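Peer 1: This structure is in structure tokens; I'll ask about it shortly.
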């Protein structure tokens, strides 16, 4: 089909909602309680695959870095889940607690299986297999999403006015345009929003809408929704434009085609050079009031319950004030250049001697474990609609407590 477009009449920006989107960003997308037919009805059995699918809607595995290994790693996807253990790492202590507490599924941040394995003789693997315990992890895909690792750290430190420190993630951004009859506009928009399109930062259902004129001639073998074969048909349509993340693109195309009345919808997809604003690594935020570096350092240690922290002052003093704070849960050394000129101090972990020596701004190294541990609270919230018992491997139960501290 050939289209002649005339978009001169008007352009409307529906950035805050043309139609309700069934998968809201901050109201987590799947509610198992809706499976109950009536009050008092038996609850649908929750399976491992239900939990995996739900978390992947929030932290899509395609957002993970290429070197990472995330997702369902061990067990039976169809096994019933009544009890979940949340932990940063699948350690011997975590497995011991999971077995003792009759846990069905361990959800960890760090991958249990990171490198390819050639055999299954590791005692930890065998303990889990014999106990019918499944393992799932969300690592760098949880690092880069809203309500993920860094948002949990920001909340713990009381930071406001958050923005991503780096837009780097596993997602690419596409500009999507589709032409629809006016009476089908809302149905198509609802379908693509439900498939994950139209998200920009803290906004969803974002859409540009233009009135256009088009024409086409149905050929032999076609089944036109309007018009007749071998006769030129002129129509007034709507051009809908929105952004789509790469991992949602195929799903959005499928949803659009299902909702579109035409046999062959006209649409175009344009790759964007800019990164998606919906995902990123690290955050910059603000304290409600300025604090001295000394006081802020104590706040970090206290809020994260870290046994100790390392403070690098660069060319500052402990009495200097800070308010704009850069953070990255876990290893944030690669982001240091993104901090310069944008924040007063950087809170992260795993800084080496030479990185500290070269840094132009103060750094607080609060430890890999302690900067990521707050994420367990957010994982618990993600699972709040499931009728399952959730327990955690607490900080004091983790092997990190063996770390030697010299006073």
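Residue numbers (my numbering): 76 to 482.
The beta-carbon is built from N, C-alpha and C at its ideal position, and this holds for glycine as well.
None of these values were measured; they are calculated from a predicted model.
Alpha helix (DSSP H) containing residue 446: first to last residue?
Peer 2: Sequence index remark: in the chain shown, residue 446 carries index 371 (1-based). Its alpha helix (DSSP H) spans residues 443-447.
Peer 1: My understanding is that residue 466 touches residue 176, with C-beta atoms under 8 angstroms, so please give their C-beta distance in whole angstroms.
Peer 2: In the chain shown, residue 466 corresponds to position 391, counting from 1. In the chain shown, residue 176 corresponds to position 101, counting from 1. About 6 angstroms separates the two Cβ atoms, so the contact holds.
Peer 1: Does residue 179 pass the burial test, meaning 16 or more other C-beta atoms within 10 Å, or should it be called exposed?
Peer 2: The residue given as residue 179 occupies position 104 in the chain shown. That one is buried.
Peer 1: Given a threshold of 16 other Cβ atoms within 10 Å of its Cβ, counted over all protein chains shown, does residue 221 qualify as buried or as exposed?
Peer 2: Residue numbering aside, residue 221 sits at position 146 when the chain shown is read from its first letter. Label assigned to residue 221: buried.
Peer 1: Three or more C-beta pairs under 8 angstroms: does that hold for the segment 403-415 against the segment 441-449?
Peer 2: At 8 angstroms Cβ cutoff, the stretches touch.
Peer 1: So, with DSSP's three-state summary, where would you put residue 268?
Peer 2: Taking the first residue of the chain shown as position 1, residue 268 is located at position 193. Of the three classes helix, strand and coil, the one that applies to residue 268 here is helix, per DSSP.
Peer 1: Relative to the C-alpha of residue 157, which residue among 373, 377 and 125 is closest?
Peer 2: As a working mapping, residue 157 is identified with position 82 in the chain shown. Comparing Cα positions, the closest option is 125.
Peer 1: Pick helix, strand or coil for residue 473, following the three-state DSSP scheme.
Peer 2: Residue numbering aside, residue 473 sits at position 398 when the chain shown is read from its first letter. In the structure shown, residue 473 sits in coil (DSSP, three-state: anything other than H, G, I, E or B).
Peer 1: Can you check which of these residues, 323, 246, 304 and 302, is closest to residue 269 by C-alpha distance?
Peer 2: As a position in the chain shown, residue 269 is number 194, starting the count at 1. The residue with the shortest Cα to Cα distance from residue 269 is 323.
Peer 1: Expressed to the nearest angstrom, what Euclidean distance is found between the alpha-carbon atoms of residue 195 and residue 142?
Peer 2: Start at 1 with the first residue of the chain shown, and residue 195 comes out as number 120. Start at 1 with the first residue of the chain shown, and residue 142 comes out as number 67. Distance between the alpha carbons of residue 195 and residue 142 is about 22 angstroms.
Peer 1: Going by DSSP, which residues form a beta bridge with residue 383?
Peer 2: Counted from its first residue, the chain shown places residue 383 at position 308. In the DSSP output, where bridge partners are listed per residue, residue 383 has none listed.
Peer 1: Specify the secondary structure class of residue 254 as computed by DSSP and reduced to three states.
Peer 2: In the chain shown, counting from the first residue as 1, residue 254 sits at position 179. Residue 254: strand per DSSP, three-state reduction.
Peer 1: Give the secondary structure of residue 236 by DSSP, where H, G and I count as helix, E and B as strand, and everything else as coil.
Peer 2: Position 161 of the chain shown, counted from the first residue, corresponds to residue 236. Three-state result, residue 236: strand.
Peer 1: Consult DSSP for residue 320 and reduce its assignment to one of helix, strand or coil.
Peer 2: Start at 1 with the first residue of the chain shown, and residue 320 comes out as number 245. Here residue 320 sits in strand by DSSP.
Peer 1: Identify the continuous alpha helix (DSSP H) that holds residue 215 and give its terminal residues.
Peer 2: The sequence position of residue 215 within the chain shown is 140, counting from 1. 215-218 is the span of the alpha helix (DSSP H), which, as asked, contains residue 215.
Peer 1: Using alpha carbons as the reference points, say which of 287, 430 and 361 lies closest to residue 396.
Peer 2: Counting from 1 along the chain shown, the entry for residue 396 is found at position 321. Of 287, 430 and 361, the residue nearest in Cα terms is 361.
Peer 1: Identify the continuous beta strand (DSSP E) that holds residue 465 and give its terminal residues.
Peer 2: Indexing the chain shown from 1 puts residue 465 at position 390. Here the beta strand (DSSP E) through residue 465 covers 464-467.
Peer 1: Do you know offhand how far residue 328's Cα is from residue 282's?
Peer 2: Here residue 328 refers to the residue found at position 253 of the chain shown. Here residue 282 refers to the residue found at position 207 of the chain shown. If you take the alpha carbons of residue 328 and residue 282, they lie about 16 angstroms apart.
Peer 1: Could you check which residue in 280, 325, 135 and 310 has the C-alpha nearest to that of residue 292?
Peer 2: Residue mapping note: residue 292 aligns to position 217 of the chain shown, counting from 1. The shortest Cα separation from residue 292 among 280, 325, 135 and 310 belongs to 310.
Peer 1: Tell me the rounded alpha-carbon separation between residue 411 and residue 421.
Peer 2: What you label residue 411 is simply residue 336 of the chain shown in a count that begins at 1. What you label residue 421 is simply residue 346 of the chain shown in a count that begins at 1. Taking the straight line from one Cα to the other gives about 8 angstroms.
Peer 1: Per DSSP, residue 288 forms a beta bridge with which residues?
Peer 2: Locating residue 288 in the chain shown gives position 213, counting from the first residue. Looking at the DSSP assignment, residue 288 forms a beta bridge with 311.
Peer 1: Can you tell me the Cα-Cα spacing of residue 340 and residue 201, whole angstroms?
Peer 2: On the chain shown, residue 340 is found 265 positions in, with the first residue counted as 1. On the chain shown, residue 201 is found 126 positions in, with the first residue counted as 1. Cα-Cα distance, rounded: 52 angstroms.
Peer 1: Note down, in chain order, each residue of its chain lying with its Cβ closer than 6 angstroms to the Cβ of residue 469, except the 5 sequence neighbours on either side.
Peer 2: Counting from 1 along the chain shown, the entry for residue 469 is found at position 394. Answer for residue 469: no residue qualifies.
Peer 1: Under DSSP, the beta strand (DSSP E) around residue 411 begins and ends at which residues?
Peer 2: Taking the first residue of the chain shown as 1, we reach residue 411 at position 336. Here residue 411 belongs to no beta strand (DSSP E); instead the alpha helix (DSSP H) covers 411-414.
Peer 1: State yes or no: is the C-beta of residue 187 within less than 7 angstroms of the C-beta of residue 165?
Peer 2: Reading the chain shown from its first residue, position 112 is the one you call residue 187. Reading the chain shown from its first residue, position 90 is the one you call residue 165. In contact: residue 187 and residue 165 (Cβ atoms closer than 7 angstroms).
Peer 1: Between the C-alpha atoms of residue 308 and residue 223, what's the straight-line distance to the nearest angstrom?
Peer 2: Locating residue 308 in the chain shown gives position 233, where the first residue counts as 1. Locating residue 223 in the chain shown gives position 148, where the first residue counts as 1. If you take the alpha carbons of residue 308 and residue 223, they lie about 50 angstroms apart.
Peer 1: Determine the closest residue to residue 136 out of 427, 320 and 259, with distance taken between C-alpha atoms.
Peer 2: Taking the first residue of the chain shown as 1, we reach residue 136 at position 61. The residue with the shortest Cα to Cα distance from residue 136 is 320.
Peer 1: Between the Cα of residue 398 and the Cα atoms of 364, 150 and 163, which residue gives the shortest distance?
Peer 2: Looking up residue 398 in the chain shown gives position 323. Closest by alpha carbon: 364.
Peer 1: Near residue 386, which residues of its chain fall below 6 angstroms by C-beta distance, leaving aside the five closest residues on each side in sequence?
Peer 2: Looking up residue 386 in the chain shown gives position 311. Hits under 6 angstroms: 372 and 439.
Peer 1: If contacts are defined as beta-carbon pairs under 8 angstroms, then residue 213 and residue 121 qualify, I think. What distance do you get, rounded to the angstrom?
Peer 2: Walking along the chain shown from the start, residue 213 turns up at place 138. Walking along the chain shown from the start, residue 121 turns up at place 46. Not really, about 18 angstroms apart at Cβ, beyond 8 angstroms.
Peer 1: Which of helix, strand or coil does DSSP assign to residue 359?
Peer 2: Locating residue 359 in the chain shown gives position 284, counting from the first residue. Residue 359 falls in the strand class under three-state DSSP.
Peer 1: Considering only the alpha carbon of each residue, which of 145, 230, 203 and 215 lies closest to residue 191?
Peer 2: On the chain shown, residue 191 is found 116 positions in, with the first residue counted as 1. Closest option to residue 191, Cα to Cα, is 145.
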